[in-house]
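*Asks:*
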Amino acid sequence: AQTVTQSQPEMSVQEAETVTLSCTYDTSESNYYLFWYKQPPSRQMILVIRQEAYKQQNATENRFSVNFQKAAKSFSLKISDSQLGDTAMYFCAYGTGNQFYFGTGTSLTVIP
Amino acid sequence: NAGVMQNPRHLVRRRGQEARLRCSPMKGHSHVYWYRQLPEEGLKFMVYLQKENIIDESGMPKERFSAEFPKEGPSILRIQQVVRGDSAAYFCASSPGTKVYQPQHFGDGTRLSIL
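Printed below as a string of structure tokens:
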């Protein structure tokens, strides 16, 4: 069974600092994708970044980057130069076939 | 290009009533997914539809819940005889195809409250 685990329910970071959110997953599939979604207080679900499992190079989107360790089934999100607008719930998601599996989320608060 | 549109944003129902949630996918997207988010939890997959077909409903409760995606018009998630436990945020997502690399784009959700 595919499962996604986010072991940090809550985190905080000072504005302009760097923070890393962890995510691990369990799968027997070889072809899959991994995603981080952001859910701000408005409760929209916003795609932050995605990673193809067959690519060794870590994905990067501006201040957001991932550390993808396929053997360890780990997919952490690093947010650099944290901004107040980064305050949100962050969900790690695993996608294969036609289903996505979401973790329970990490609530990130950026402190001014 | 409009995103995924869900309506209503908020829906209040009394126990025993019916709730109808609507989702219009992004232009060019023919695949629709419904998720439920209970308070303090992540999203749980409910059902995956293509036009006029239910592809995977493994996450749908066996009773009272149904979904459709007609040839014309939005996808509908229907909950009959609602109970307090149905209170949740219901998200719809769409994608252009079934390739695993294609991310799902989410609507803003419908918050269902049961009195």
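Chains as they are written, first to last, in my numbering: chain L, 41 to 152; chain A, 32 to 146. Every residue, glycine too, gets a C-beta built ideally from N, C-alpha and C.
(1) What residues match up with residue 136 of chain L in a beta bridge as DSSP calls it?
(2) Would you list the residues sitting across from residue 87 of chain A in a DSSP beta bridge?
(3) Considering only the alpha carbon of each residue, which of A/119, A/91, A/79, A/92 lies closest to residue 127 of chain A?
(4) Indicate the three-state DSSP secondary structure (helix, strand or coil) for residue 139 of chain A in the structure shown.
(5) Which of the three DSSP states, helix, strand or coil, is assigned to residue 44 of chain A?
(6) Among L/106, L/128, L/112, which residue has its Cα nearest to the Cα of residue 147 of chain L?
(7) Classify residue 121 of chain L as helix, strand or coil using the three-state DSSP reduction.
(8) According to DSSP, simplified to helix, strand and coil, what is residue 51 of chain A?
(9) With a threshold of 9 Å between beta carbons, is residue 51 of chain L in contact with chain A?
(10) For the region 95 to 118 of chain A, which residues have a CB atom closer than 9 Å to at least one CB atom of chain L, in sequence order?
(11) Under the three-state reduction of DSSP, which class applies to residue 109 of chain A: helix, strand or coil?
(12) Going by other Cβ atoms of all chains shown within 10 Å of its Cβ, with 16 needed for buried, is residue 78 of chain L buried or exposed?
(13) If you count every other CB in all the chains shown that lies within 10 Å of the CB of residue 37 of chain A, and 16 or more means buried, which is it?
(14) Of the choices A/95, A/69, A/109, A/64, whose alpha-carbon is the least far from that of residue 81 of chain A?
*Replies:* Walking through what the data contain:
(1) L/139
(2) A/79
(3) A/79
(4) coil
(5) strand
(6) L/128
(7) coil
(8) strand
(9) no
(10) none
(11) strand
(12) buried
(13) buried
(14) A/64
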